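Those letters in the sequence shown? Residues 277 to 366, by our numbering. Note that the Cβ used here is the ideal one computed from N, Cα and C, for glycine as well. Note that the structure is predicted; figures quoted are calculated from it, not measured.
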Amino acid sequence: MEKWTPKHEAPEPLEGPVVATITGGTILWFVLFLVQLPFYGWFDDHGHTWWVWTPLAGAGLGLIGIWYVRGREAALKRAADAPPQDTPAE
């Protein structure tokens, strides 16, 4: 197992515009759904209706993602603004 031991410390994760990124992806999925919707008949004739519903599922999951990352950002902001708590000595 020693060959898998890291030789250096992992870098800190990057914090970027997470809410904007998730929102942009969600909009992209929804636009893709709207673009494919007029061709539903062709997709149905060729047995590819899942191609229409996949972007809609992506947009729905994106809405859940937006809700989640907005809550995460708010919690991080509250934690940063809160006064430091005194930890009892053990």
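From the options, pick the residue whose C-alpha is nearest to that of residue i; which is it?
i, options, result
"V295", "L332, L352, R346 and H322", "R346"
"I342", "T299, P287 and K283", "T299"
"L308", "R348, P282, G336 and A356", "G336"
"E291", "E349, H284, K279 and T281", "E349"
"G301", "A355, L352, G338 and K353", "G338"
I need the DSSP call for residue i, collapsed to helix, strand or coil.
i, result
"D362", "coil"
"T299", "helix"
"K283", "coil"
"P331", "helix"
"P289", "coil"
Can you give me the C-alpha to C-alpha distance between residue i and residue j, rounded to a whole angstrom?
i, j, result
"F315", "Y344", "33 Å"
"D321", "L332", "20 Å"
"P360", "L313", "53 Å"
"W327", "F319", "7 Å"
"F306", "G334", "8 Å"
"K249", "T325", "The chain is shown only over 277 to 366; residue 249 falls outside these bounds and no answer can be derived."
"V311", "T330", "13 Å"
"I340", "I303", "13 Å"
Strictly under 7 Å for the Cβ-Cβ distance: is residue i near chain B by that measure?
i, result
"L332", "Among the chains in the structure shown there is no chain B, since it carries only a single protein chain."
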